[in-house]
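Asker:
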């Protein structure tokens with residue numbers, strides 16, 4: 007069986023997913039497509055050589071009878087509407103992050119899905135599909151380090167555009183991946199957040215603080231520190247070290263040639279963030295296609311999207327106040343409990 | 007367009023390829039299939055849920071009008087016949103190694119293909135598609151180490167079945183991958199071979215020498231040493247270090263979690279060879295499907311299969327005699343010269 | 007010239023130093039010695055083959071006319087008295103940590119030394135003499151990572167005796183080395199401390215918390231986090247990572263053979279803390295002897311001992327209260343300012 | 007007791023040793039000294055502040071009644087004479103390499119020492135005292151890799167003066183350290199040598215081949231390959247990998263700060279060979295002083311110097327002829343057998 011997909015949004019990530027589905031992965035094809043930019047959707051259809059219907063709106067895509075499942079890759083503020091519509095239509099929907107731009111919006115999706123009674127929503131937290139994170143999770147789950155007690159992380163970019171740092175982008179945009187992947191890695195939830203503000207680098211845009219250190223506490227008492235440094239100059243570098251009762255496991259570095267050259271023994275560090283998780287998108291989409299065909303759902307849920315949103319809000323508050331902010335969220339509904 | 011494939015041979019590797027084509031990769035489907043074991047082919051068709059015609063013979067598969075291209079994954083001694091038949095039918099053919107069991111057989115294929123006048127044959131040297139070898143080749147091609155002068159390699163298995171070492175299996179079976187991948191890596195040909203016989207491990211089957219060191223010399227004067235140690239106990243470990251005029255590049259290790267545990271800072275070494283190049287089969291098949299659809303040929307050629315066979319023969323001779331054996335092979339025909 | 011030393015205290019560390027001075031390093035010899043245990047001092051003199059006067063008290067050692075300088079390796083609570091007496095006698099004194107058991111005691115020594123007007127006191131913070139810390143400091147001082155912004159550290163022991171954890175030993179005993187070496191590394195002082203209490207390992211003595219995370223803030227705004235985990239099981243492991251504006255430098259690991267064995271690529275992690283800084287004691291003593299002969303003083307000062315004591319007290323307070331504790335200390339006197 | 011030394015030769019290495027003995031290590035002092043250059047010896051005595059008699063000749067140094075032992079650090083061609091004279095005088099002698107400039111000269115020393123009947127001669131093969139080689143030997147001796155079967159080595163210099171490569175300097179001068187340290191590491195002797203000549207780097211002096219690969223075979227059948235590359239550009243790099251029946255051990259890299267900087271994860275490779283084994287000279291001299299005081303001899307013997315000379319000659323012959331050259335040497339005399 008081939009999964010017939012409707013795609014809403016043909017920007018960078020949307021087009022990448024269309025290419026994956028069409029030219030790389032087996033199991034699905036695009037049958038309906040739309041974008042707010044009519045010229046762009048036509049160009050994508052032509053350049054990718056797609057044999058698909060072009061719709062006027064996302065709602066039309068969702069409603070199309072030959073659409074089995076929906077891919078939401080439109081502008082963030084439109085996500086909530088399309089995800090809710092997909093749920094209303096009873097169609098599985100894969101939504102790029104954010105699930106919604108507010109915690110309240112995420113909560114509405116959670117409630118709609120519970121009311122519908124069947125898991126339909128998957129959020130695009132692709133790090134769970136990255137080979138290095140999967141190896142790390144395997145190590146923890148196999149009890150190779152005993153019970154986790156602490157996690158030391160770093161999220162570093164060589165630099166960010168000066169407008170990126172407007173408001174709390176590092177905490178909401180970059181950090182949300184850490185929030186989700188660490189919950190998944192530890193199979194735990196957060197109960198408090200604190201943000202530490204170190205001396206700022208001179209290489210950040212004017213008046214904008216960089217780096218930050220975020221401290222998170224989980225229900226089991228695991229303590230997480232994440233260095234968030236988005237103008238570190240030297241590379242795009244994602245570090246994660248889990249300290250357990252009997253040993254320590256580190257996220258593997260991306261594969262690289264070991265060089266002896268110019269008085270250095272070295273491996274390469276990526277400068278371009280796009281390369282770091284590129285392969286994980288393939289795995290993510292392929293697993294979503296395969297499980298959707300089987301009528302199953304295994305990926306990050308609407309609840310995960312909601313929890314990420316609430317945690318990011320707490321971090322923003324913690325930064326603003328300098329205080330330790332409790333993360334309060336209703337008890338996880340049975341609907342979202344682990345099998 | 008979907009490439010319609012005929013598959014000859016449904017043993018381990020055949021079935022793996024069928025699964026790749028059917029469930030993982032886009033662009034091709036199996037439309038005809040055969041195996042000398044009639045029960046087995048039926049079981050495979052059923053278990054994989056294939057919608058394909060079952061043929062009585064490989065010749066019938068090749069002749070089938072709806073078969074665009076052929077996959078030869080049958081018993082080694084039958085390869086030559088099926089590859090020649092595919093050429094005669096003018097159909098692209100992917101043949102698992104060996105291309106033929108003798109250098110003379112390989113030569114017949116080379117001659118048939120030249121006579122036919124179009125590249126149809128690709129040999130299953132999957133290491134060229136492995137990510138770590140590709141990164142290494144990139145480093146060399148980008149002149150990051152200057153001109154290569156020496157290559158130090160190791161091919162190590164934790165152990166081999168005692169019947170494996172019958173005759174010259176390590177030299178012909180394991181080593182043939184080194185022969186091909188190093189020619190590709192260096193873009194060079196061999197002119198002599200020498201085999202050194204070190205003290206033998208006590209962990210080898212009775213009376214059977216292990217390890218060996220093979221020394222190869224290329225037309226450019228590059229010197230290659232390959233340690234071939236198939237009962238090394240500790241792991242399946244493929245090493246390749248290219249020494250250039252200005253630096254050294256090492257084949258990346260497979261990705262692994264860095265552990266601190268039990269008084270050791272460690273990463274894992276694979277014990278199971280099957281895991282080492284598993285991903286490269288996907289890339290190999292996918293690139294073959296895509297280029298075949300375009301009417302192009304980019305992979306290891308019949309000439310590469312022939313050269314590997316001649317080189318392996320020289321190594322066997324070098325071991326037997328203890329001498330440095332010249333590798334003489336006709337000049338590379340224009341048909342197989344680089345574009 | 008040979009420096010004639012008086013040694014007060016012949017326990018483990020005292021005897022080690024005596025052996026260094028007598029059999030390994032040039033430039034000094036022991037001419038007077040004492041210990042509260044009369045039997046022990048006799049045994050040490052005999053077993054080490056020393057040609058030295060045995061004194062009844064530390065005061066007698068300090069007063070001896072042929073004693074040029076004093077080595078205090080007695081029981082901690084006696085340090086203050088002997089250091090003050092050495093200052094009073096105008097003799098250089100090397101005192102093992104702690105300089106005094108209270109901040110007030112350290113302050114008295116600082117004041118006595120200032121009054122005396124000449125640098126006489128060196129505290130036994132041997133990490134400053136460790137090759138790996140010196141390489142790290144060189145990297146920072148050479149501006150290879152730009153200005154330091156954050157420091158991530160870990161101090162891990164495989165296990166500690168259950169009575170060790172009595173009171174706040176990890177914070178006062180183990181952590182004091184981190185306190186001193188990080189001040190030296192960064193050439194900076196602390197202004198606040200916070201202690202985070204993660205989930206405790208089950209491998210700690212009953213009712214005793216382990217691990218802790220200590221957060222320190224410096225006058226320049228550098229943020230330091232130190233994981234203090236004294237029952238980590240896997241090894242004695244000292245980690246220090248300095249994050250600067252343009253790069254990151256890590257404390258080198260102790261030298262170790264890289265092994266490929268039993269499915270692991272590994273280096274050894276020490277289990278015995280005594281081996282980690284063993285060589286730094288030689289360097290420390292040798293540099294103290296050489297500078298003392300020249301009438302100079304370069305090592306950790308009484309002020310450094312005082313600052314360490316005040317900081318450790320703040321950490322204990324921070325743990326007790328769960329609050330961020332400001333570290334208030336009088337301005338550094340000119341006497342102790344950098345040349 | 008203090009060992010009273012006579013020093014013959016005050017060039018670079020001689021002066022370094024004088025400094026070690028005088029200012030760093032306990033147990034010895036220089037009491038007599040000479041050099042063919044009278045001005046130089048006076049300058050060294052003055053600048054190092056030595057309290058020593060200046061002799062006219064090496065013979066006078068050896069004969070001086072207050073000289074307990076002799077240090078030969080003069081010009082290579084004079085070594086044999088001074089070592090023989092020391093033996094004749096019954097005085098322990100430490101001789102920098104080469105023991106003698108010809109195998110015949112080494113043999114004369116061996117015979118004189120046997121005739122004398124007591125071990126007096128130590129040759130300056132300092133690598134045996136290097137911490138990294140000692141850790142590697144420990145690993146082998148502890149049976150952590152089973153019986154050694156193969157050794158893969160590299161001796162690389164960033165560059166050499168163009169006159170260095172006159173004749174066979176790399177084989178006789180650089181390679182002699184490999185010859186000795188590998189015999190010691192494996193506790194084995196060589197029976198044949200072969201030299202392979204790869205494509206030459208363009209960064210070597212005109213018409214001079216670089217690199218070489220030397221193949222050695224031991225009595226136990228262990229096969230050694232040493233890449234000798236003295237214009238490798240990137241660094242001074244000594245590699246040694248011992249392949250045993252159950253695992254592999256690699257010579258540790260020199261300690262270095264792990265950096266993340268400029269898109270690289272790197273450690274430093276030394277450019278200056280002088281730094282690589284600098285610490286091993288201290289250990290070598292200190293152990294020689296201590297054992298000589300005790301009347302014992304533990305270091306590299308005259309026999310080791312002889313064996314190194316014979317092996318180097320075989321390598322030169324192997325290069326000249328392109329043949330595998332047997333290394334024939336009389337059976338090791340009982341006098342030099344292991345205790």
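Residue numbers (our numbering), protein chains in the order written: chain X, 7 to 345; chain U, 7 to 345; chain Z, 7 to 345; chain D, 7 to 345. From the three backbone atoms N, C-alpha and C, an ideal C-beta is built for every residue, glycine too.
(1) For residue 241 of chain X, count the other beta carbons within 10 Å of its own beta carbon; 16 or more makes it buried, fewer makes it exposed. Which is it?
(2) Determine the direct distance from the alpha carbon of residue 244 of chain Z to that of residue 164 of chain Z, and round the result to whole angstroms.
(3) At a CB-CB cut-off below 8 Å, which residues of chain Z make contact with residue 275 of chain U?
(4) Under a CB-based cut-off of 8 Å, is residue 243 of chain Z close to chain U?
(5) Can you check whether the C-beta of residue 142 of chain X is within less than 8 Å of a C-beta belonging to chain U?
(6) So which residues of chain D does residue 240 of chain X contact, with C-beta pairs closer than 7 Å?
(7) Considering only residues of the same chain and omitting the five flanking positions on each side of residue 46 of chain D, which have a CB-CB separation below 6 Å?
(8) Does DSSP put residue 250 of chain D in a helix, a strand or coil?
(9) Using the beta-carbon count (16 or more within 10 Å), is residue 53 of chain Z buried or exposed?
(10) In three-state DSSP terms, what is residue 222 of chain U?
(11) Is the beta carbon of residue 82 of chain D sitting closer than 8 Å to the one on residue 107 of chain D?
(12) Can you grab the Cα-Cα spacing for the pair residue 19 of chain X / residue 269 of chain D, in whole Å?
(13) Going along chain U, which residues have a C-beta under 9 Å from residue 235 of chain D?
(14) Determine the chain Z residues that contact residue 226 of chain X at a beta-carbon separation under 9 Å, and present them in chain order.
(15) Pop quiz: residue 12 of chain X and residue 37 of chain X are said to be a contact at Cβ under 8 Å. What is the actual Cβ separation, rounded to whole angstroms?
(16) What residue range is occupied by the uninterrupted beta strand (DSSP E) comprising residue 272 of chain Z?
(17) Ignoring anything shorter than 3 residues or poking outside the stretch 7 to 34 of chain U, list the beta strand (DSSP E) runs there in chain order.
(18) Taking 8 Å as the CB-CB cut-off, is residue 145 of chain X touching chain U?
(19) With 16 other CB atoms within 10 Å as the buried threshold, where does residue 345 of chain X fall?
(20) For residue 65 of chain D, which residues in the same chain have their Cβ closer than 7 Å to its Cβ, ignoring the five residues on either side in sequence?
(21) Can the beta-carbon of residue 39 of chain U be found less than 8 Å from the beta-carbon of residue 63 of chain U?
(22) Which residue marks the beginning of the beta strand (DSSP E) containing residue 231 of chain U, and which one marks its end?
(23) For residue 337 of chain X, name the three-state secondary structure that DSSP assigns.
(24) Which residues of chain Z have a Cβ atom closer than 9 Å to the Cβ of residue 327 of chain X, listed in chain order?
(25) If we count the other Cβ atoms within 10 Å of its Cβ and call it buried at 16 or more, is residue 144 of chain U buried or exposed?
(26) Do three or more CB pairs link the stretch 179 to 187 of chain X to the stretch 314 to 322 of chain X at distances below 8 Å?
(27) Measure the beta-carbon distance from residue 217 of chain X to residue 192 of chain X and round it to whole angstroms, keeping in mind my assumption that it falls under 8 Å.
(28) Taking only beta-carbon positions, decide if residue 231 of chain D is within less than 8 Å of chain U.
(29) Which residues in chain D sit within 9 Å of residue 261 of chain Z, going by Cβ to Cβ distance?
(30) List, in chain order, every chain D residue whose beta-carbon is nearer than 8 Å to that of residue 253 of chain Z.
(31) Scan the stretch 82 to 115 of chain Z and note each continuous beta strand (DSSP E) run of 3 residues or more that stays entirely inside, going in chain order.
(32) Any Cβ of chain U within less than 8 Å of the Cβ of residue 12 of chain X?
(33) Within 8 Å of any Cβ in chain X, is that where the Cβ of residue 337 of chain U sits?
(34) Fully enclosed by the stretch 128 to 206 of chain D, which beta strand (DSSP E) runs are 3 residues long or longer?
(35) Can you have a look at residue 103 of chain Z and say buried or exposed, based on whether 16 or more other CB atoms are within 10 angstroms of its CB?
Answerer: From the atom records:
(1) Classification of residue 241 of chain X: buried, given that the 10 Å Cβ count is 16 or more.
(2) Those two C-alpha atoms are separated by around 11 Å.
(3) Within 8 Å of the CB of residue 275 of chain U, the CB atoms of chain Z belong to 266, 269, 270 and 271, in sequence order along the chain.
(4) Among the CB atoms of chain U, one or more fall inside 8 Å of the CB of residue 243 of chain Z.
(5) So, interface residue.
(6) For residue 240 of chain X, the chain D residues whose C-beta falls within less than 7 Å of its own C-beta are 266, 267, 268 and 269, listed in chain order.
(7) Beyond the five residues adjoining it in sequence on each side, residue 46 of chain D comes within less than 6 Å, by CB distance, of 16 in the same chain, given in chain order.
(8) In the displayed model, residue 250 of chain D falls within a strand according to three-state DSSP.
(9) Around the CB of residue 53 of chain Z, fewer than 16 other CB atoms lie within 10 Å, so the residue is classed as exposed.
(10) Reduced to three states, the DSSP call for residue 222 of chain U is strand.
(11) Less than 8 Å separates the beta-carbon of residue 82 of chain D from that of residue 107 of chain D.
(12) Approximately 26 Å between the Cα atoms of the pair.
(13) Residues of chain U passing the Cβ test: 155, 156 and 249.
(14) Chain-ordered, the chain Z residues with CB closer than 9 Å to the CB of residue 226 of chain X read 205.
(15) Rounded, the Cβ-Cβ distance is 7 Å, consistent with contact.
(16) Under the DSSP assignment, residue 272 of chain Z falls in the beta strand (DSSP E) whose first and last residues are 270 to 274.
(17) Listed in chain order, the complete beta strand (DSSP E) runs (minimum 3 residues) inside the stretch 7 to 34 of chain U are 9 to 14.
(18) Interface residue (Cβ-Cβ distance to chain U less than 8 Å): residue 145 of chain X is classified as such.
(19) Residue confidence is low: residue 345 of chain X scores 49 on pLDDT, short of 50, so the model does not pin down where it sits. Its coordinate-derived value is still stated next. When all chains shown are included, residue 345 of chain X counts as exposed.
(20) Contacts found: 91.
(21) Cβ atoms of residue 39 of chain U and residue 63 of chain U: not closer than 8 Å.
(22) In the DSSP assignment, residue 231 of chain U falls within the beta strand (DSSP E) that extends over 229 to 235.
(23) If DSSP states are grouped into helix, strand and coil, residue 337 of chain X belongs with coil.
(24) The contacting residues do not exist; residue 327 of chain X stays about 13 Å from chain Z at best.
(25) Residue 144 of chain U should be labelled exposed.
(26) The stretch 179 to 187 of chain X makes contact with the stretch 314 to 322 of chain X; the number of CB pairs closer than 8 Å reaches 3 or more.
(27) The pair is not a contact, with the Cβ atoms about 23 Å apart (cut-off 8 Å).
(28) For residue 231 of chain D, the answer is yes, since a Cβ of chain U falls inside 8 Å of its Cβ.
(29) Taking a Cβ-Cβ threshold of 9 Å, the residues of chain D close to residue 261 of chain Z are 137, 138, 141, 258, 259, 260 and 261, in chain order.
(30) For residue 253 of chain Z, the neighbours in chain D by C-beta distance under 8 Å run, in chain order, 265, 266, 267 and 268.
(31) Fully enclosed beta strand (DSSP E) runs of 3 or longer: 99 to 101.
(32) With 8 Å as the cut-off, residue 12 of chain X does not count as an interface residue toward chain U.
(33) Taking 8 Å as the CB threshold, residue 337 of chain U stays off the interface with chain X.
(34) Within the stretch 128 to 206 of chain D, the complete beta strand (DSSP E) runs of at least 3 residues are 154 to 162 and 196 to 202.
(35) Counting Cβ neighbours within 10 Å, residue 103 of chain Z comes out buried, since at least 16 surround it.
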